[in-house]
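A.B. asks: Under my numbering, think of the first position of the sequence shown as 1, with each following residue one higher.
Where is the CB? At the ideal position from N, CA and C, for every residue including glycine.
Owing to the predicted nature of the structure, the values given are computational and were not obtained by experimental measurement.
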Amino acid sequence: MLKLENVSAAYGQSQVLWDVNLEIKDAEAVTLIGRNGVGKTTLLRTITGLHPVSGGGVRLDGEQVEHDPAFTRARAGLAYVPQGRGLFSHLTVHENLLMGLPALGGRETAKREIPALIYDLFPILHDMAGRKAGNLSGGQQQQVAIGRALVTQPRYLLLDEPTEGIQPSIVQDIERALLRVRWELRVAVLLVEQYLDFAWAFADRYYVMQKGRVVETGLTADTATQAVQRYLGV
Ligand SMILES: Nc1ncnc2c1ncn2[C@@H]1O[C@H](COP(=O)(O)OP(=O)(O)OP(=O)(O)O)[C@@H](O)[C@H]1O
Ligand SMILES: [Mg+2]
Numbered sequence: 001m002l003k004l005e006n007v008s009a010a011y012g013q014s015q016v017l018w019d020v021n022l023e024i025k026d027a028e029a030v031t032l033i034g035r036n037g038v039g040k041t042t043l044l045r046t047i048t049g050l051h052p053v054s055g056g057g058v059r060l061d062g063e064q065v066e067h068d069p070a071f072t073r074a075r076a077g078l079a080y081v082p083q084g085r086g087l088f089s090h091l092t093v094h095e096n097l098l099m100g101l102p103a104l105g106g107r108e109t110a111k112r113e114i115p116a117l118i119y120d121l122f123p124i125l126h127d128m129a130g131r132k133a134g135n136l137s138g139g140q141q142q143q144v145a146i147g148r149a150l151v152t153q154p155r156y157l158l159l160d161e162p163t164e165g166i167q168p169s170i171v172q173d174i175e176r177a178l179l180r181v182r183w184e185l186r187v188a189v190l191l192v193e194q195y196l197d198f199a200w201a202f203a204d205r206y207y208v209m210q211k212g213r214v215v216e217t218g219l220t221a222d223t224a225t226q227a228v229q230r231y232l233g234v
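1. Which residues neighbour ligand 1 when neighbourhood means a C-beta less than 6 Å away from any of its non-hydrogen atoms? List them by chain order.
2. Between which residues of its own chain and Gly34 is the CB-CB distance below 8 Å, once the five residues before and five after are set aside?
3. Contact defined as beta carbons within less than 8 Å: I believe Leu121 pairs with Val93. What is the distance between those atoms, to the nearest angstrom?
4. Count the other CB atoms, across all protein chains shown, that sit within 10 Å of the CB of Gly128; report buried if there are 16 or more and exposed otherwise.
5. If you draw a straight line from the alpha carbon of Thr163 to that of Val171, how long is it in whole angstroms?
6. In three-state terms, what does DSSP make of Val81?
7. Do Arg148 and Gly100 have their C-beta atoms within less than 8 Å of each other?
8. What number of angstroms, rounded off, separates the C-alpha of Glu216 from the C-alpha of Ser8?
9. Quick check: the Cα distance between Thr152 and Leu104, rounded to an integer number of angstroms?
10. What residues match up with Lys3 in a beta bridge as DSSP calls it?
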């Protein structure tokens, strides 16, 4: 289980997260929604260790990890697909995928190869292995970014708006792949998303953030998307 206990975070003097409590059980899928600027990305960065907590704790299978560096948390099973994908655009698809391998740490395989499963999930990565990531479409780049995260063999996958700016047909490919990640690999997923139909199709539970606080949580099956749409409304 991944558990946040009263997590706070700030940029300098400006506090952006207040006492966030959130948990993801093993192999569970949870979505975090909220308007632009409420702190969703900051929360994911705080979980992964890319941004410091200013209060509260992050527990990974009972261990306090909130002061551990990001690579330690990656080796412990946390993987992160950043908003905007964060690929090395001048490197090839294959080289980008290889970037995931160091996070395996002690779990490393001798061969240092990309597991066949990654290409099975996203066949396009095989076809495009030698292409520069920067020349791919947004949807293809998102698949590379998710593939790179899966190379680390995570137990928890954190995704920051994976459908942002991506054409619907590729959103479907990504949804199908994520469902397999969840049910075949038993990876737990925290999905930050503004596209509610996708979030609701995928996640068991949801959390809503407003101005850096969790203001509502529940089961997606019990709640219509219209009921939470007001939190995202323009
Ligand atoms: N590097 C930074 N320095 C200072 N303030 C920042 C920084 N990054 C984000 N913020 C501020 O922190 C708040 C939360 O930002 P964050 O990016 O976490 O929101 P978000 O919910 O992910 O937004 P979006 O939906 O647009 O991705 C915002 O007010 C933002 O302006
Ligand atoms: Mg964001």
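C.D. replies: Quick answer:
1. Those residues are Tyr11, Val16, Gly34, Asn36, Gly37, Val38, Gly39, Lys40, Thr41, Thr42, Gln83, given in chain order.
2. Correct list, in chain order: Lys40, Val208, Met209, Gln210, Tyr231, Leu232.
3. Their Cβ separation, rounded to whole angstroms, is 14 Å, which puts Leu121 and Val93 out of contact at 8 Å.
4. Note that residue 128 is Met in the sequence shown here, rather than Gly. With 16 or more other Cβ atoms from the protein chains shown falling within 10 Å of its own Cβ, Met128 counts as buried.
5. Thr163 and Val171: Cα-Cα distance of roughly 6 Å.
6. Of the three classes helix, strand and coil, the one that applies to Val81 here is strand, per DSSP.
7. Going by C-beta atoms, Arg148 is nearer than 8 Å to Gly100.
8. Cα atoms of Glu216 and Ser8: separation of roughly 17 Å, rounded to the nearest angstrom.
9. The straight-line gap from Cα to Cα measures roughly 5 Å.
10. DSSP output for Lys3 lists Glu23, Arg59 as bridge partner(s).
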